[in-house]
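Asker: Numbering (the working numbering), first residue to last: 10 to 328.
I have a structure I would like to understand better, so I am pasting it below and will then ask my questions one at a time.
Below, the structure is given as structure tokens:
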């Protein structure tokens with residue numbers, strides 16, 4: 010049994026997580042808002058991978074908008090006072106946006122892999138219209154898979170412990186489903202992204218041997234490296250922390266419970282960092298985004314606007 014009065018609250022952890030979430034909210038809102046502006050006002054021709062990136066931006070913005078509520082939760086020492094239904098909705102939106110973001114990162118990797126490594130496949134003939142249909146199916150699928158989040162929060166008197174896990178809870182079919190879905194959302198996409206990007210680099214090294222094409226090869230390497238590194242950096246800590254939580258779920262040691270829950274709080278907050286860093290992927294994938302970000306940042310710094318290069322193709326990409 011869990012020892013009585015085994016408080017797992019840590020002021021240092023809660024303040025640190027709140028500060029991290031504030032930074033993520035500010036940078037994520039700015040970066041993804043600029044990306045959304047570029048999609049609407051800069052891109053002239055949309056390709057399937059552009060549609061997937063657009064949906065990735067929408068998912069990242071949805072997650073970013075949810076962060077102020079998580080900030081308030083940690084500043085109130087992990088006490089939710091906005092009602093049970095609002096907690097259910099917040100957990101659902103967080104889980105949905107994170108899952109959809111991972112799905113579209115994987116979709117972009119698969120699209121580029123097919124176009125670069127297997128250019129003759131019929132799947133490469135998918136039109137932007139069909140890409141939008143596929144995107145809609147992804148959203149519906151993820152809504153179906155994550156609806157369990159609506160039944161996770163735990164009522165406690167007049168407040169709600171609004172969190173997506175309870176280390177003291179016994180294993181049940183719901184917990185097994187929740188954990189299986191979480192691990193599947195990490196292992197399968199990461200494996201596919203790694204496989205696709207390795208195949209892309211090997212193929213590009215063969216077809217881009219001309220010295221004049223080396224800059225394009227370097228940009229491609231930078232893009233695929235950024236995708237793999239950012240995915241691993243943001244989601245690996247949460248993956249490891251969830252394993253620790255499952256191992257020590259019923260531990261009677263207060264010290265171990267504090268360590269596991271505090272670690273999971275920090276690691277879960279790091280997973281939101283992916284929505285902040287995804288603009289790096291946009292910059293590598295298309296010069297239009299690089300120019301858009303430079304334009305905004307130069308304006309904020311009071312510097313003169315750079316003239317857009319005449320050879321800047323808004324739809325340039327190695328795919």
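A virtual CB, placed ideally from N, CA and C, is assigned to each residue, including glycine.
Pick from 64, 91, 128: whose alpha carbon is nearest that of residue 147?
Answerer: 64
Asker: Should residue 230 be counted as a contact of the ligand MN given a C-beta to heavy atom distance under 7 Å?
Answerer: Although the ligand MN was asked about, the structure shown includes no ligands whatsoever.
Asker: Does the separation of the CB atoms of residue 30 and residue 278 fall below 8 Å?
Answerer: yes
Asker: Out of 209, 305, 253, which has the shortest C-alpha to C-alpha gap to residue 125?
Answerer: 209
Asker: For residue 75, would you say it is in contact with chain B, using Cβ-to-Cβ distances shorter than 8 Å as the test?
Answerer: The chain inventory of the structure shown lacks chain B, comprising one protein chain alone.
Asker: Helix, strand or coil for residue 165, going by three-state DSSP, please let me know.
Answerer: Since pLDDT at residue 165 reaches only 47, below the 50 mark, its modelled position is unreliable, and no value is offered.
Asker: For the putative contact between residue 71 and residue 104, defined by C-beta atoms under 8 Å, what is the C-beta separation to the nearest angstrom?
Answerer: Not confirmed; about 11 Å, so no contact.
Asker: Nearest to residue 61 by CA position, among 73, 33, 118, 82, is which residue?
Answerer: 118
Asker: Please name the residue, chosen from 274, 77, 281, that lies closest to residue 18 on a Cα-to-Cα basis.
Answerer: 274
Asker: For residue 137, name the three-state secondary structure that DSSP assigns.
Answerer: Of the three classes helix, strand and coil, the one that applies to residue 137 here is helix, per DSSP.
Asker: Just to check my reading of the structure: residue 195 and residue 248 have Cβ atoms closer than 8 Å, yes? What is that Cβ distance to the nearest angstrom?
Answerer: 5 Å
Asker: According to DSSP, is residue 296 part of a helix, a strand, or is it coil?
Answerer: helix
Asker: Within 10 Å of its beta-carbon, does residue 262 have 16 or more other beta-carbons around it, so buried, or fewer, so exposed?
Answerer: By the 10 Å Cβ count, residue 262 comes out exposed.
Asker: Under a Cβ-count criterion, where at least 16 other Cβ atoms within 10 Å of its own Cβ denotes burial, should residue 187 be classed as buried or exposed?
Answerer: Under the 10 Å beta carbon count, residue 187 is surrounded by 16 or more other beta carbons and is classified as buried.
Asker: Considering only the alpha carbon of each residue, which of 59, 91, 83 lies closest to residue 341?
Answerer: Beyond the ends of the chain as shown, which are 10 and 328, falls residue 341; an answer cannot be given.
Asker: Distance, Cα to Cα, residue 290 vs residue 220?
Answerer: CA-CA distance, residue 290 to residue 220, rounds to 25 Å.
Asker: Count the C-beta pairs between the region 73-83 and the region 33-49 that are closer than 8 Å, then say yes if the count reaches three, no if not.
Answerer: yes
Asker: With a threshold of 16 other CB atoms inside 10 Å of the CB of residue 288, please say whether the residue is buried or exposed.
Answerer: buried
Asker: Out of 264, 238, 189, 156, which has the shortest C-alpha to C-alpha gap to residue 282?
Answerer: Nearest Cα to residue 282 within the set 264, 238, 189, 156: 238.
Asker: Just to confirm before moving on: does the CB-CB distance between residue 243 and residue 301 stay below 8 Å?
Answerer: no
Asker: Under the assumption that residue 170 contacts residue 225 (Cβ atoms under 8 Å), give the Cβ distance between them as a whole number of angstroms.
Answerer: The pair is not a contact, with the Cβ atoms about 52 Å apart (cut-off 8 Å).
Asker: In or out: residue 327 buried (at least 16 other Cβ within 10 Å) or exposed?
Answerer: With a pLDDT of 45 at residue 327, under the threshold of 50, the predicted position of this residue should be treated as unreliable, and no value is reported.
Asker: By the three-class DSSP mapping on this structure, what secondary structure does residue 156 have?
Answerer: helix
Asker: With burial defined as no fewer than 16 other Cβ atoms inside 10 Å of the residue's Cβ, what is the status of residue 90: buried or exposed?
Answerer: exposed
Asker: Confirm, please, whether the CB-CB distance from residue 229 to residue 250 is below 8 Å.
Answerer: no
Asker: Please report how far the alpha carbon of residue 256 lies from the alpha carbon of residue 128, in whole angstroms.
Answerer: 45 Å
Asker: Using only the alpha-carbon positions, how far apart do residue 26 and residue 115 sit?
Answerer: Going by the C-alpha atoms only, they are around 28 Å apart.
Asker: Would you please state the rounded distance, in angstroms, between the beta carbons of residue 298 and residue 47? I believe it to be under 8 Å.
Answerer: 5 Å
Asker: Is residue 117 helix, strand or coil when you go by DSSP?
Answerer: helix
Asker: Leaving aside the five residues before and after residue 212 along the sequence, list all residues of the same chain whose C-beta is less than 6 Å from its C-beta, in chain order.
Answerer: 125, 126
Asker: Between the C-alpha atoms of residue 53 and residue 216, what's the straight-line distance to the nearest angstrom?
Answerer: 28 Å
Asker: Using only alpha-carbon positions, find the residue among 120, 42, 23, 67 that is nearest to residue 56.
Answerer: Cα-wise, what sits closest to residue 56 is 120.
Asker: Could you tell me the alpha carbon to alpha carbon distance between residue 189 and residue 95, rounded to whole angstroms?
Answerer: 25 Å
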